[in-house]
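Counted the way numbering that gives the first Met the number 0 counts, the sequence shown spans residues 0 to 172. Below: the structure, in structure tokens.
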Amino acid sequence: MLGLDNIERVKPGGLELKDRLVAVNRVTKVTKGGRAFGFSAIVVVGNEEGVIGYGLGKSKEVASAIAKAVEDAKKNLVKVPVMNHTIPHQTTARYGGADIFLRPASHGTGLIAGGAVRAVLESAGIHDILSKSKGSSNPHNVVKATFKALLDIRRPEEIARMRGVSLSKVFNG
0 MLGLDNIERV
10 KPGGLELKDR
20 LVAVNRVTKV
30 TKGGRAFGFS
40 AIVVVGNEEG
50 VIGYGLGKSK
60 EVASAIAKAV
70 EDAKKNLVKV
80 PVMNHTIPHQ
90 TTARYGGADI
100 FLRPASHGTG
110 LIAGGAVRAV
120 LESAGIHDIL
130 SKSKGSSNPH
140 NVVKATFKAL
150 LDIRRPEEIA
160 RMRGVSLSKV
170 FNG
């Protein structure tokens with residue numbers, strides 16, 4: 000999907016996935032016989048428990064473009080670390096011109112995110128987070144940058160195992 004090492008792929012079988020439409024784009028091809036319209040849709044699917052995926056679908060009709068996007072998203076499911084409805088540590092990522100910053104927040108803060116970032120974080124089941132989207136607002140690149148940021152996050156258990164220390168030592172130093 001984005002070429003990262005620590006990606007944990009997930010099969011869609013048996014998961015209760017909800018899809019969220021991020022954007023629909025109308026494209027026009029000018030031909031000798033007039034204008035031919037087409038549609039492309041980007042969709043994010045997730046089970047709101049850390050499993051998410053995104054997909055792109057193109058068709059002559061909006062409904063079939065969305066359906067194709069959902070099918071594509073289900074083929075690209077990944078697991079992201081979610082702890083207490085937030086992320087374990089802050090992260091940043093860049094994809095194309097889109098630059099995303101994510102910071103964990105305490106319980107009750109809410110989902111401070113807009114547009115495409117909000118769709119991805121809601122699908123992942125993250126309820127308390129601070130985010131900032133800088134640079135390009137192109138929904139395709141924002142979704143990919145958000146995925147890249149979420150996939151860069153490492154679980155505390157993994158860090159404790161790599162360092163050879165206890166989990167409490169990771170959090171308390």
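C-beta: ideal position from N, C-alpha, C; glycine also. Owing to the predicted nature of the structure, the values given are computational and were not obtained by experimental measurement.
{"Item": "Contact under 9 Å by Cβ, Ser135 with Phe100", "Value": "no"}
{"Item": "The region 114-128 contacting the region 157-167, beta-carbon criterion three pairs below 8 Å", "Value": "no"}
{"Item": "The region 79-93 in contact with the region 144-153 per 3-pair CB rule at 8 Å", "Value": "yes"}
{"Item": "For Gly114, the first and last residue of its enclosing alpha helix (DSSP H)", "Value": "114-123"}
{"Item": "Enclosing alpha helix (DSSP H) for Val141 [first to last residue]", "Value": "138-151"}
{"Item": "Bounding residues of the beta strand (DSSP E) (the contiguous stretch that carries Asn24)", "Value": "17-30"}
{"Item": "Ala112 burial status per 10 Å Cβ neighbour count (16 or more: buried)", "Value": "buried"}
{"Item": "Whole-Å CB distance - Ala115 paired with Pro138, under 8 Å assumed", "Value": "4 Å"}
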